[in-house]
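Residue numbers (our numbering), protein chains in the order written: chain A, -9 to 157; chain B, 1319 to 2112.
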């Protein structure tokens, strides 16, 4: 079987995979990084989004072999070594932007990339449009949109700390 | 002990305890679990809606790489059928038809997706590859997918032993009284409608892992379930014939349920049974298409209704005839949904003196239909709230005014409806007034005119609803056909240093129980939230439980916890009385401190907990050591949340595209424990309701093929399809449970669909449209608008 070498969350791994093995299968089954989820089989739901070389990718849409040599970040690699959360993770908690948690890893990874691609900030409408590749069945997106809006201010340095959610 | 933070108790928007693990990728969903030496199951499913199985040839598949075993229905002669948990009786008193539901098909397949064989292999792909090599010889039979077609003369029989496809023909109410009321009416509104079939689509596909330990004869099932004890009971007692003490069911983190993970599914029995056969763990995970084809669907009613009114617009009588699709087999609670969870709600928030409902449940060659968020109450609410709007239009009475005239007044509680329920509390006028104010109802016509100037059609719609949840009093549901009790169980385990572990029989799959239930403990016992952990979802840890559905976790499960805490406090006061040399009657307890009334003698929570486990100075003759109590709580009644939902839409006339521009929900969910979580539950429910009203529909063709079997074809609501949802609450307390709570999990999905459709119909009122079936797609609306233009031109 062919070999793939890639760096995931800062650690380099080499694995033998079948040609048909998807990146998400490598992450979940071989590396046991089960924070990345599979919610569909048509690349519609976005539960499997990870970052490949800094950009969000649905890890069910690329073969593991295509990630050879890549730097991959999954939800497990977002927080700092001391446990400090990424501002997007913090915002999701503060704004109650998750319920069952299943879409959450993909949603957070997509949201971070979305914010990074919009250095001037996004309106509510732009955030909603930007989430077109991620499905959530629990929240109705209301609080996800609010969380991303709050997190972007921290990520772009417009605020030192996350704005607290209104009580 | 830490000082108690007052903001962690009842009423505090505490951030969720469970979030850190979900946000860090540390959740443990069933498919994240891997057992040593695990095998993988792939289930071969029928591509036909109805066929006789003439033969199954798996010789080639058996020798494929990695294949461990292949089983078909013929290998399971000793297994029971998958049971239905609720027996309904026909009008004549005879029991419903209850055809056998085999774990793997025997002789016939009855829907596309029916399980035919299971391949167990060393890897998922090997199992799938081998399944493709199985050759099933089908004699395809005529199929029927819709309820009206299924009861038409000459329709194919889904089950040979149920000719005519009627599962039951049931009724509630007094038909003679009802007919008399219609005879005296000054106006009768006739109205037919469909409640569209939906696919619940929790984001986590179902999964199950069976494990067997041959040294102890113990089976373990990990499963995506909302109620592990119920699965243990149903699967153990009825299907696999395993005693409870040899069967452990674990429902770990579960990625959404919405009802679809209540039911006992064949795959759970398959992996558990097969693990015993191959003596290795067997893991199965649905892919999304498989979920569409096998998760129980929701709704699917066809209804004819008549409403009688007097000259003043007072409702005199309601008569409803509904055909409810059961699918090919009876799922666990399927039979209760269109009867006791639907027809009993047809009085709504109104004083209608007589309601008579007739419901025929019908077998079809489709996926089984069962409870989906709201389960029967959304169907009742959609019917009533559309009917009331039609009545308003056709009597010329304003649609808010006609509701006010017919509301059950706030001073009429407890209120006995003509369809069996007794509402304990509510104030429908208050939630209506709050809703109208918050939605800017009075100023709407200005917004409509402003939209018209922009070329848009703007409409507003209202829905005022009540629902019944917090299920349910065991004796009541038992008399109605439920085959189980519906109490709940809670254990409060106080540790020697005063921290608390709660074991609850309810199950959290997004609702935030690990936070909300802990807040109850903090509020009552004064233990800081960080020192309270909630354990759920494992039959080996939790004494018993009926699980989570019907917005019951707080009303029933929380009440069980309160009862257990009462026992804890009673015992702790006895210990405190002993230590302080006082009589127990004089010992007061308030959030962590025991005090001899009127003195400064106190003992802390921690001191009492430690004394209970280190009983050196202890009333050992009268009292056992330890501080660990369990309570079962059986509710006295259902709970009755209600409220007012208002939706405002704009329609693009050129395309028929509907945009929800405002949505206002004012709900009475009883006492609110965590406002942040309640708001999130309502927003999520409302958005599922908007999905039903505008986007979602499970569509079968006439051959029983599910045409909308992927996220490419079934329109799930996405962020840009949905509006911000404004949520407010108005509380009247539940009068019969100790917390005063009613439940908030389903109100959003119950109240919202008619508000949306009422708004769409209002937006199109110049086109003379009476009703639009859900989902109100651009195509339907474009056709209405263009037919209207044609009419105007003529």
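We put the beta carbon where it would ideally sit given N, CA and C, even for glycine.
Since the structure is predicted, the reported quantities are computational estimates derived from the model, not experimental observations.
Return the chain-ordered list of same chain residues with a C-beta closer than 7 Å to the C-beta of residue i, the five sequence neighbours on each side being excluded.
{"i": "residue 1882/B", "result": "1808, 1809, 1810, 1947, 1948, 1949"}
{"i": "residue 1664/B", "result": "1636, 1638, 1673, 1675, 1698, 1702, 1737"}
{"i": "residue 1332/B", "result": "1326, 1833, 1837, 1847, 1992"}
Mind listing the chain B neighbours of residue i? Cutoff is C-beta to C-beta under 7 Å, in chain order.
{"i": "residue 172/A", "result": "Outside the shown range of chain A, which is -9 to 157, sits residue 172/A, and nothing can be said about it."}
{"i": "residue -7/A", "result": "Chain B residues near residue -7/A: none, gap ~18 Å exceeds 7 Å."}
Exposed or buried, what is residue i when buried is set at 16 or more other beta-carbons lying within 10 Å of its beta-carbon?
{"i": "residue 1534/B", "result": "exposed"}
{"i": "residue 2111/B", "result": "Confidence in residue 2111/B is poor, its pLDDT being 44 and thus under 50, which makes the residue's placement unreliable; the coordinate value appears in the next sentence. Looking at its Cβ environment, which holds fewer than 16 other Cβ atoms inside 10 Å, residue 2111/B is exposed."}
{"i": "residue 1935/B", "result": "exposed"}
{"i": "residue 138/A", "result": "buried"}
{"i": "residue 90/A", "result": "buried"}
{"i": "residue 2088/B", "result": "exposed"}
{"i": "residue 1553/B", "result": "buried"}
{"i": "residue 7/A", "result": "buried"}
{"i": "residue -9/A", "result": "exposed"}
{"i": "residue 1345/B", "result": "buried"}
{"i": "residue 1567/B", "result": "buried"}
{"i": "residue 9/A", "result": "exposed"}
{"i": "residue 1938/B", "result": "exposed"}
{"i": "residue 1615/B", "result": "buried"}
{"i": "residue 1728/B", "result": "exposed"}
Just to check my reading of the structure: residue i and residue j have Cβ atoms closer than 8 Å, yes? What is that Cβ distance to the nearest angstrom?
{"i": "residue 1752/B", "j": "residue 1984/B", "result": "5 Å"}
{"i": "residue 1520/B", "j": "residue 1431/B", "result": "With 8 Å as the limit, residue 1520/B and residue 1431/B do not qualify as a contact, their Cβ atoms being about 17 Å apart."}
{"i": "residue 1736/B", "j": "residue 1673/B", "result": "5 Å"}
{"i": "residue 1445/B", "j": "residue 1359/B", "result": "6 Å"}
{"i": "residue 79/A", "j": "residue 1341/B", "result": "4 Å"}
{"i": "residue 2034/B", "j": "residue 125/A", "result": "5 Å"}
{"i": "residue 1556/B", "j": "residue 1348/B", "result": "With a Cβ gap of about 22 Å, residue 1556/B and residue 1348/B do not count as contacting."}
Name, please, each residue of chain A whose Cβ falls closer than 7 Å to the Cβ of residue i.
{"i": "residue 2042/B", "result": "132"}
{"i": "residue 2030/B", "result": "32, 34"}
{"i": "residue 2034/B", "result": "125"}
{"i": "residue 1828/B", "result": "89, 90, 128"}
{"i": "residue 1333/B", "result": "83, 84"}
{"i": "residue 2038/B", "result": "118, 119, 122"}
What does residue i reach in chain B if we use C-beta pairs closer than 9 Å?
{"i": "residue 37/A", "result": "1521, 1522, 1573"}
{"i": "residue 6/A", "result": "Within chain B, no residue comes near residue 6/A; the closest Cβ sits about 13 Å away, beyond 9 Å."}
Under 8 Å Cβ to Cβ from residue i, same chain only, skipping five residues before and after it: list those, please.
{"i": "residue 1322/B", "result": "Residue confidence for residue 1322/B is low, a pLDDT of 46 falling below 50, so the modelled location carries little weight and cannot support an answer."}
{"i": "residue 149/A", "result": "143"}
{"i": "residue 1971/B", "result": "1773, 1774, 1775, 2103"}
{"i": "residue 1680/B", "result": "1465, 1468, 1469, 1483, 1484, 1485, 1641, 1642, 1643, 1644"}
{"i": "residue 1726/B", "result": "1667, 1668, 1669, 1733, 1741, 1744, 1746"}
{"i": "residue 1634/B", "result": "1499, 1500, 1502, 1503, 1626, 1627, 1628, 1670, 1671, 1672"}
Counting only Cβ pairs nearer than 9 Å, list the residues of chain A close to residue i.
{"i": "residue 1543/B", "result": "Those do not exist, as residue 1543/B stays about 13 Å from chain A at its closest Cβ, beyond 9 Å."}
{"i": "residue 2091/B", "result": "The premise fails here: residue 2091/B is roughly 23 Å from chain A at the closest Cβ pair, so nothing lies under 9 Å."}
Excluding the 5 residues preceding and the 5 following residue i in the sequence, name in chain order all residues of the same chain whose CB lies nearer than 6 Å to its CB.
{"i": "residue 1320/B", "result": "Residue confidence for residue 1320/B is low, a pLDDT of 46 falling below 50, so the modelled location carries little weight; the figure read from the coordinates is stated next. Only 1846 meet the Cβ criterion."}
{"i": "residue 112/A", "result": "none"}
{"i": "residue 1357/B", "result": "1386, 1438, 1598, 1600"}
Along chain A, which residues have their Cβ under 8 Å away from the Cβ of residue i?
{"i": "residue 1347/B", "result": "24, 27, 92"}
Whose Cβ in chain B lies nearer than 8 Å to the Cβ of residue i?
{"i": "residue -4/A", "result": "Residues of chain B passing the Cβ test: none, with the nearest at roughly 18 Å."}
Original post:
At a Cβ cut of 8 Å, what residues of the region 54 to 86 of chain A count as close to chain B, listed as they run along the chain?
Top reply: Taking 8 Å as the cut-off between beta carbons, the residues of the region 54 to 86 of chain A near chain B are 64, 65, 66, 68, 69, 75, 79, 82, 83, 84, 86, in sequence order.
Subject >> Selection of the region 129 to 154 of chain A by Cβ proximity to chain B, strictly under 9 Å >> reply: Cβ contacts with chain B come from 129, 130, 131, 132, 133, 134, 135, 136.
Original post:
If you measure beta-carbon to beta-carbon, which residues of the region 1516 to 1541 of chain B are closer than 9 Å to chain A?
Top reply: For chain A, the residues of the region 1516 to 1541 of chain B that bring a beta carbon within less than 9 Å of one of its beta carbons are 1518, 1519, 1520, 1521, 1522, 1523, in chain order.
Original post:
In chain order, what residues of the region 97 to 123 of chain A put their CB closer than 9 Å to some CB of chain B?
Top reply: With the criterion set as a beta carbon lying under 9 Å from some beta carbon of chain B, the members of the region 97 to 123 of chain A are 98, 114, 115, 117, 118, 119, 120, 121, 122, 123, in sequence order.
**OP:** Closer than 7 Å, Cβ to Cβ, to anything on chain A: give me those residues from the region 2042 to 2068 of chain B, in chain order.
**Re:** Cβ contacts with chain A come from 2042, 2043.
**OP:** Could you list the residues in the region 1593 to 1615 of chain B with a C-beta less than 9 Å from some C-beta on chain A, going in chain order?
**Re:** Correct list: 1603, 1605, 1606, 1607, 1608, 1609.
Original post:
Taking Cβ-Cβ distances below 7 Å as the criterion, which residues of the region 1998 to 2009 of chain B are in contact with chain A?
Top reply: Going along the region 1998 to 2009 of chain B in chain order, one finds 1998, 2001, 2002, 2004, 2005 with a Cβ nearer than 7 Å to chain A.
Subject >> Interface positions of the region 1970 to 1996 of chain B facing chain A (Cβ-Cβ less than 9 Å), listed along the chain >> reply: Residues of the region 1970 to 1996 of chain B whose Cβ lies closer than 9 Å to any Cβ of chain A, in chain order: 1993, 1994, 1995.
Original post:
Given a limit of 9 Å on CB to CB distance, which residues of the region 1338 to 1364 of chain B reach chain A?
Top reply: Under the 9 Å Cβ criterion, the region 1338 to 1364 of chain B contributes 1338, 1339, 1340, 1341, 1342, 1343, 1344, 1345, 1346, 1347, 1349, 1350, 1351, 1352.
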